[in-house]
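Report on one structure; see the data block that follows.
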Ligand code: ASP
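Numbering (my numbering), first residue to last: -3 to 414.
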């Protein structure tokens, strides 16, 4: 049986087991199976940083083409930003169109707020980090690369690996060959490790989903049904509409093939809610199942896992308008434009780990003068929305990598003809 089929069975079995535990009001039992899921996520995270460092170093040392590197980076960042801005805008338009906040009258709102007070106190998001452009740029350069590696800070690790990879192109060719050989061997070993850990995936997905469903407050889902449906609906439209079109037109690949070959990546994103945890499997799948160039994959995917969050952008857009509607705050066109801008930046600043999107949402609300208490209102459905937006975040990275990869290949073909 194929791995993604097994993962899917794990997911369905997890839903059934979780629902059964919730019905029997025995949600606490889920705590006994969850550690298996946590171990799995930890194992994947353990591989992510070494894999990124080794593959970026190997790819740049082998590239020896600074211009190509710059082009790949520019294309990827441009597509990331355009997709995120479009995603927030669509979220805002849909929330204005369907007005999910209007269905929530004062009585319902108070009931939800009372019901989640305890929970929201526990999960109250920390103040959103605010950073200027210069601080952002400075943060890209690690003062101590080993500290960045140890802390798992993706962007400084990318910068250091890129620079060291480039430096390898400047040393004596014989030595460079030896380094390349070593990096290649390390890369192969890390990929083998990813494949080994993925053997656990079906059981881990079962454990994670059982825990989520068993503890999920279904009464929140009912009260916030319209809001959740609009958010997930826009996400589905973006995934199967926008990215499918982009994959077909710009990536020259059938969307069916794209989604089928990356189905285990999508299922994993849904079950773990963490772009970072899915990164190793995404890198291996994009290279081996979709034939993308290792140089492009190892550069675009880690960058995307850190800055490209189109699912989070949609969530920010819909949530901002929804909360404004519930609290009766009329948003001018100017304020909505501000939401597009801050939500895009907030999504860039969202780390690829579970539940961070709701923290960065406070930045968006603050900038448009929308009451921050609104966050307490939507916490009840946070987890399920996090699972969905992570799928979009991750698949958006893979789609961008494919588009950049195919455009580079077209360029190489054109150049070899002339
Ligand atoms: N969980 C998301 C991710 O890892 C980030 C978010 O909370 O929006 O991609």
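Ideal Cβ placement from N, Cα and C applies to all residues, glycine included. If you're wondering where the values come from, they're calculated on a predicted model, not measured in any experiment.
- request: For residue 389, count neighbouring C-beta atoms within 10 Å of its own C-beta (all shown protein chains included) and say buried if the count is 16 or more, exposed if not.
  value: By the neighbour-count criterion, in which 16 or more other beta carbons inside 10 Å mark a residue as buried, residue 389 falls on the buried side.
- prompt: DSSP three-state call for residue 305: helix, strand or coil?
  reply: coil
field: beta-carbon residue 379 near the ligand ASP non-hydrogen atom, thresh 7 Å
entry: Within 7 Å of the C-beta of residue 379 there is not a single heavy atom belonging to the ligand ASP.
Other residues of its chain near residue 115: CB distance less than 7 Å, five sequence neighbours each side excluded: Since pLDDT at residue 115 reaches only 47, below the 50 mark, its modelled position is unreliable, and the value read off the structure follows with that caveat. Excluding residues within five positions, the ones whose Cβ falls inside 7 Å are 375.
query: According to the Cβ coordinates, are residue 418 and residue 176 closer than 8 Å?
result: Residue 418 lies beyond the residue range present for the chain, which begins at -3 and ends at 414; the question has no answer from this structure.
- prompt: Can we say the stretch 332 to 345 touches the stretch 290 to 308, given the rule of at least three CB pairs closer than 8 Å?
  reply: yes
message: Just to confirm the assignment, what range does the alpha helix (DSSP H) spanning residue 64 have?
response: 62 to 94
task: With the ligand ASP as the reference, list in chain order each residue whose Cβ lies under 6 Å from any of its heavy atoms.
output: 269, 270, 271, 305, 308, 346, 348, 349, 350, 351, 352, 353, 382, 385, 386 and 389
query: Are the stretch 257 to 269 and the stretch 2 to 20 touching, with three or more C-beta to C-beta distances below 8 Å?
result: The stretch 257 to 269 vs the stretch 2 to 20: in contact.
- prompt: For residue 119, which residues from the same chain have a beta carbon less than 7 Å from its beta carbon, with the 5 sequence-adjacent residues on both sides left out?
  reply: Confidence at residue 119 is low in this model, with a pLDDT of 45, below 50, so its placement is unreliable and the value that follows should be read with caution. Here the set comprises 375.
query: With DSSP run on the structure shown, which of helix, strand or coil describes residue 167?
result: Three-state result, residue 167: coil.
- prompt: For residue 346, does the three-state DSSP call read helix, strand or coil?
  reply: Note: residue 346 maps to coil in three-state DSSP.
task: Give me the Cβ distance between residue 47 and residue 218, rounded to the nearest whole Å; I'm assuming they're in contact under 8 Å.
output: 42 Å between Cβ atoms; not a contact.
message: Restricting to Cα atoms, I'd like to know which of 141, 400 and 333 is closest to residue 45.
response: Nearest of 141, 400 and 333 to residue 45, Cα basis: 141.
field: residue 179 to residue 173 span [Cα, whole Å]
entry: Residue 179 and residue 173 have their C-alpha atoms spaced approximately 10 Å apart.
query: Whole-angstrom Cβ separation of residue 30 and residue 207, contact assumed at under 8 Å?
result: Indeed they touch by this definition, with Cβ atoms about 4 Å apart.
task: For the alpha helix (DSSP H) containing residue 389, list its first residue and its last residue.
output: 378 to 413
- request: Leaving out five residues on either side along the sequence, give the residues of the same chain with a beta carbon under 7 Å from the beta carbon of residue 190.
  value: 43, 276, 277 and 280
task: Can you tell me the Cβ-Cβ gap for residue 371 and residue 358, rounded? I've got them flagged as a contact below 8 Å.
output: 6 Å
message: Please state the DSSP three-state secondary structure of residue 369.
response: Coil, per DSSP.
Simplified DSSP assignment, three categories, for residue 287: coil
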